[in-house]
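To start, the structure under review is shown below, and the notes come after it.
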Amino acid sequence: MVERTVVIVGATGSIGRQTVEVLKKLKGYRLVGFTYHSNISLANIIKKDFPEAEMVSTKEGYEGVFQLVEKLKPDTVVLAVPGFSGFEICLGVIPHTKRIALANKESLVCGGKFIKTLTKEHDVEIVPIDSEHSAIFQIIEDDPVKVVLTASGGALRDWPVEKLKHATIDDVLKHPVWSMGVKVTVDSATMVNKALEVLEAMELFSLSREQIEVLLHREGKVHGMVYLKDGTVKIHASLPDMRIPIAYSLTYPERTFEYRNYPEIFELKFEKPDRSRYPLFYLVDDIYSSYSLRTVYNSADEVAVQAFSEGRIGFTDIFKVVEKTLEKMNVEEVNSHEELKMIHERAKIVAKDVVECLSK
Ligand code: MG
C-alpha cells in the first residue's frame with residue numbers, strides 16, 4: 000500500500016486534535032507536519048506520537064505554514080484553522096498539495112471564487128470535513144433536485160424566544176449534540192453556522208440557494224439528504240462524531256477507517272427553523288449572491304461572538320451587530336483576495352463600533 004502523507008494546519012484545535020486521533024488508528028497515512036498557534040504543550044504531545052512530523056507555530060504569521068507545505072509537498076493538507084486567515088492559508092497551500100481536507104468555512108464562504116479558480120489551476124481536490132458537507136459529498140449525484148442540510152438548533156433551541164436575550168456564554172456552550180470550539184458552538188445557537196454551511200454547499204456542489212434546504216433535526220443522526228429527479232431521496236446517517244467525516248476526508252474514495260458504532264433505530268423527525276428564534280440564519284437570503292456581503296456577515300459575526308463570549312453584549316445583540324454592520328457597509332464585488340481582506344478588516348472595525356454602542 001502506498002503511504003499517503005498528511006499535514007495538519009491547526010493541529011491543536013478541536014478538528015485538529017480529532018484528526019490526530021484518527022491518524023493514530025488509520026493505516027497507510029503518515030503525519031509529516033503540523034502547525035499550532037500557541038498551545039505548545041499539546042503540540043509537544045502530538046510530536047511525541049509522531050516524532051518524525053515537523054511542527055511550526057503560526058503565532059508570528061503564516062509564512063512558516065507555506066514553507067512547511069512547500070518543502071513537504073504532502074498528499075493531503077487538513078485545513079483546520081478557523082476564521083478569515085484560514086482562507087488566506089488555503090490560497091497559499093493549494094499549489095503544494097493534491098487534496099485539501101477542508102474544515103475552514105471562510106475559504107469557500109468568503110473566497111469561494113478565488114479558491115475554486117486556484118484548485119482548478121493546480122488540479123487540487125477539496126474534500127469537506129464538515130459533517131453536513133461530508134454527508135452530501137458522499138451521496139450526491141449529477142443533477143440533484145435539492146439537498147437538505149440538517150441543523151441541531153444549538154443549545155438554546157428549547158428556550159422561550161423572549162428569554163434568549165438573557166442567555167450567557169455558559170448556557171450556549173452546553174451543546175446538545177456536538178462537541179466543538181467556542182465560535183462554532185455560539186454560531187450553532189444562532190444558526191449562523193448553518194447560514195455559512197448553505198453558502199459553502201453552494202460552492203462545493205455548484206448549487207443555487209433555492210436548491211438548499213435547512214431542517215432542524217434534533218437527534219443529530221441524519222447529516223444530509225439529496226433529492227433526485229426520479230423520486231429517490233438519499234439520506235446520510237451516522238453517529239454525530241467528527242472522526243467519521245475527518246477519516247473520510249483522508250481516505251476518500253476508500254473507506255478504511257474502522258469505527259463500527261451506529262445510531263440506534265430512530266424516527267425521522269425534521270422541522271423548519273423558526274424565523275423569530277433564528278433571525279441571523281435568515282439573513283443568508285440577503286447576502287448569498289455577493290462574496291463581499293458574505294464576508295461582512297461573517298466578519299461582523301466573528302466580532303459579535305467574541306463580544307458575547309466576553310459578556311459585553313447579550314445573545315440577541317449578535318443579530319443586531321451583524322444586521323447593523325451589513326447596513327452600514329457599502330460594499331462592491333471584489334476582484335482580488337486583497338480587496339476581500341480589506342472588506343474583512345473594515346467590517347470588523349464597523350462591527351466593533353456597533354458593539355461599543357450596544358455595550359454602553
Ligand atoms: Mg456542520
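Each residue of the sequence shown is one higher than the last, beginning at 0 in numbering that gives the first Met the number 0. Heads up, the beta-carbon is just placed ideally off N, CA and C, and yes, glycines get one too.
Identify whether residue i lies in helix, strand or coil by the three-state DSSP scheme.
i	result
PHE314	coil
GLY9	coil
ALA236	strand
ILE93	helix
TYR277	coil
ILE99	strand
MET190	coil
GLU270	strand
PHE265	coil
LYS58	coil
PHE256	coil
GLU332	coil
GLY82	coil
Compute the distance between the beta-carbons of residue i and residue j, then report whether it is under 8 Å.
i	j	result
ALA150	MET190	yes
VAL123	LYS104	no
VAL160	SER275	yes
GLN17	ARG217	no
VAL108	TYR226	no
ASP300	GLU196	no
LYS220	ALA246	no
VAL330	ILE348	no
PHE113	HIS336	yes
VAL185	PHE49	no
GLY180	PRO81	yes
LEU339	THR294	yes
ALA10	VAL31	no
ILE312	LEU238	no
LYS23	THR255	no
PRO127	SER248	yes
GLY361	SER106	Since the first residue of the chain shown is 0 and the last is 359, residue 361 is not available in this structure.
MET54	LYS47	no
VAL302	ALA350	yes
Start and end of the alpha helix (DSSP H) containing residue i?
i	result
PHE113	111 to 121
PHE65	62 to 71
LEU282	Careful: LEU282 lies outside any alpha helix (DSSP H) and carries neither H nor E.
SER106	105 to 108
GLU124	Element bounds for GLU124: not the alpha helix (DSSP H) but the beta strand (DSSP E), 124 to 127.
ILE39	39 to 48
THR231	No alpha helix (DSSP H) holds THR231; DSSP gives it neither H nor E.
GLU291	In the sequence on display, residue 291 carries Ser and not Glu. It spans 290 to 308 - the alpha helix (DSSP H) in which SER291 sits, taken as one unbroken run.
ILE243	242 to 250
Which residues mark the beginning and the end of the beta strand (DSSP E) in which residue i is found?
i	result
TYR226	221 to 226
ILE211	211 to 215
VAL77	75 to 78
LYS173	Segment: none, LYS173 is in no beta strand (DSSP E) and carries neither H nor E.
ILE138	ILE138 -> not in any beta strand (DSSP E); alpha helix (DSSP H) instead, spanning 130 to 138.
MET341	Run containing MET341: none in the beta strand (DSSP E); it sits in the alpha helix (DSSP H), 336 to 358.
Taking its Cβ as the centre, do 16 or more other Cβ atoms sit within 10 Å of residue i, making it buried, or is it exposed?
i	result
LEU267	exposed
LYS70	exposed
TYR261	exposed
LYS323	buried
VAL333	buried
SER207	exposed
GLY110	buried
ILE211	buried
ASN43	exposed
VAL1	exposed
GLY310	exposed
TYR116	The residue you asked about is not Tyr; residue 116 is Thr in the sequence shown. With fewer than 16 Cβ atoms within 10 Å of its Cβ, THR116 is classed as exposed.
Could you name the residues that DSSP lists as bridge partners for residue i?
i	result
THR149	LEU214
GLU53	GLY32
THR184	None, per the DSSP bridge assignment.
ARG3	TYR28
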